[in-house]
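Right under this line is the structure:
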């Protein structure tokens, strides 16, 4: 347990860009993405009226953000293939952005689904 807590603490110290890279590597390796759900997915908004879906590479990191307005939300996994085939086209259609690896103390990387798709595909090609 102590090793797990130390690993989490070290990852939380990463920069936004490092956490984004960690997310891409982790989700392509384990083929799952984590969000927060409670009769619908946790969403953020921005000053331009965009909806933003926060996503995490592991259950533990999603759970850390189940606070405040999301205190009743639970981590839920999304299979990577399903995310790529269904979620990304849906987010593009709905003009929903993605927030990668938000933490309780740091904002994540906000990215459009097309760019996320490209980064995931590029990483997945290394596994073929």
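Residue numbers (my numbering): 113 to 240.
All residues carry an ideal CB built from backbone N, CA and C; glycine is no exception.
Under the three-pair Cβ rule at 8 Å, the region 123 to 140 does not count as touching the region 148 to 163. A contact is defined here as three or more CB-CB pairs under 8 Å, and the region 156 to 171 meets this definition with respect to the region 206 to 218. Annotation: residue 178 to residue 237 spans about 33 Å, alpha carbon to alpha carbon. In the displayed model, residue 157 falls within a strand according to three-state DSSP.
Taking a 10 Å sphere around the C-beta of residue 174, we find 16 or more other C-beta atoms and assign the residue as buried. An exposed status is given to residue 161, since fewer than 16 other beta-carbon atoms sit within 10 Å of its beta-carbon. Contact check for residue 235 against residue 145 fails: the beta carbons are separated by 8 Å or more. Note: residue 147 is bridge-paired with 188 in the DSSP secondary-structure output. Your pair residue 187 and residue 203 does not check out as a contact, with CB atoms roughly 19 Å apart and the cut at 8 Å. Check the Cα spacing between residue 181 and each of 141, 191, 157, 199: the tightest is with 157. DSSP lists 212 as the beta-bridge partner residues of residue 167. Put simply, of 172, 138, 141 the residue whose alpha carbon is nearest the alpha carbon of residue 120 is 172.
Between residue 221 and residue 128, the C-beta gap is smaller than 8 Å, which places the two residues in contact.
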